[in-house]
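The block underneath contains the structure these notes are about, expressed in structure tokens.
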Amino acid sequence: MSAPEVTRRVIHVPPGAGQSVWAFSGDRYTLKVGAEDTGGMIGVMEGEIPPGSGPPLHVHQYEDEAFYLVEGSLQVFDGDREFTAEPGSFIYLPRGSAHRFKNISETPARMLMLFVPSGFEKFFLEVGVEAVPGQPAPPPSQFEADVERSMRIASEKYGIE
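Sequential numbering from 397 applies to the sequence shown in the numbering used here.
Right, dumping it as structure tokens:
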């Protein structure tokens with residue numbers, strides 16, 4: 397099997413650009429670059445996580461994950477310890493490590509999310525609904541069902557435990 401072909405051009409994604417979806421508990425995820433553009437090397441998304449939101453404890457089997465927190469505060473649990481990440485924090489989560497996070501600030505947390513190798517960014521686009529400018533996130537009444545459905549798809553298709 398040969399290595400995927402990597403795009404040999406500069407990729408520029410202006411502020412606000414990229415496919416955007418609402419997922420989970422009103423989180424907004426915007427694709428910046430993915431598998432098709434990088435030959436499977438890296439996926440990058442911008443995440444905007446509302447207060448109180450964050451994924452349940454989970455483990456990635458196929459990719460390493462990293463976050464760079466731009467705004468807000470996240471309570472992060474890595475399986476052995478819990479810590480608070482503030483703006484400017486970088487968090488590296490190697491595949492196989494149990495983790496979760498929760499926005500503990502009163503405003504949305506914004507972060508860059510990196511996946512190596514790429515591919516997991518497709519999960520967010522699959523489970524989310526298109527974020528149309530000027531329209532709000534889905535209502536909180538559907539959050540529980542969205543998280544349950546998303547975690548089922550993550551397990552079945554993306555190697556998430």
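From the three backbone atoms N, C-alpha and C, an ideal C-beta is built for every residue, glycine too.
Contacting residues, own chain, Cβ-Cβ under 6 Å from residue 455 (five flanking each side not counted): On the sequence shown, residue 455 is found 59 positions in, with the first residue counted as 1. Closer than 6 Å at Cβ, skipping near neighbours: 494 and 557.
Would you mind reading off the limits of the alpha helix (DSSP H) that contains residue 420? Locating residue 420 in the sequence shown gives position 24, counting from the first residue. Taken as a continuous stretch (DSSP letters only), residue 420 belongs to no alpha helix (DSSP H), as it is neither H nor E.
Can you check whether the CB of residue 444 is closer than 8 Å to the CB of residue 504? Within the sequence shown, the letter at position 108 stands for residue 504. Within the sequence shown, the letter at position 48 stands for residue 444. The answer is yes: Cβ separation under 8 Å.
How big is the Cα-Cα spacing for residue 453 and residue 496? Mapped onto the sequence shown, residue 453 falls at position 57. Mapped onto the sequence shown, residue 496 falls at position 100. When rounded, the distance between both Cα atoms is 5 Å.
For the region 470–529, which segments carrying the alpha helix (DSSP H) assignment without a break, of at least 4 residues, lie completely within its bounds, in sequence order? 517–523
Nearest-angstrom Cα separation, counted from residue 462 out to residue 487: Position 91 of the sequence shown, counted from the first residue, corresponds to residue 487. Position 66 of the sequence shown, counted from the first residue, corresponds to residue 462. For residue 487 and residue 462, the distance between alpha carbons rounds to 5 Å.
Measure how close the beta-carbons of residue 436 and residue 513 come, nearest whole angstrom, since I'm counting them as under 8 Å. Numbered from its first residue, the sequence shown carries residue 436 at position 40. Numbered from its first residue, the sequence shown carries residue 513 at position 117. Rounded, the Cβ-Cβ distance is 5 Å, consistent with contact.
Paired residues, beta bridge with residue 426 - DSSP: Stepping through the sequence shown from its first residue, residue 426 is reached at position 30. In DSSP, residue 426 forms a bridge with 416 and 442.
Three-state class that DSSP yields for residue 552 in the structure shown: Working through the sequence shown from its first residue, we reach residue 552 at position 156. Residue state, collapsed to three classes: helix.
Is there contact here, the region 472–488 with the region 425–436, by at least three beta-carbon pairs under 8 Å? no
I believe residue 417 touches residue 515 by the beta-carbon criterion, under 8 Å. Please report the beta-carbon distance rounded to the nearest angstrom. Position 21 of the sequence shown holds residue 417. Position 119 of the sequence shown holds residue 515. Incorrect: roughly 16 Å between the Cβ atoms, too far for contact.
Buried or exposed: residue 502, going by 16 or more other Cβ atoms within 10 Å of its Cβ? Your numbering for residue 502 matches position 106 in the sequence shown. Per the 10 Å Cβ criterion, exposed.
Which residues in the same chain have their Cβ closer than 8 Å to the Cβ of residue 551, if we skip the five residues on either side of it in sequence? Indexing the sequence shown from 1 puts residue 551 at position 155. Result list for residue 551: 557, in chain order.
Residue from 477, 427, 423 and 466 whose Cα sits closest to the Cα of residue 407: The residue labelled residue 407 in the question sits at position 11 within the sequence shown. Among 477, 427, 423 and 466, the Cα nearest to that of residue 407 belongs to 427.
For the beta strand (DSSP E) holding residue 533, just list the boundary residues, first then last. Numbered from 1 along the sequence shown, position 137 holds the residue referred to as residue 533. Looking at the DSSP string, residue 533 is not in any beta strand (DSSP E), and its letter there is neither H nor E.
Using the Cβ count rule (16 or more neighbours within 10 Å means buried), how would you classify residue 528? Within the sequence shown, numbered from 1, the residue matching residue 528 stands at position 132. Classification of residue 528: exposed, given that the 10 Å Cβ count is below 16.
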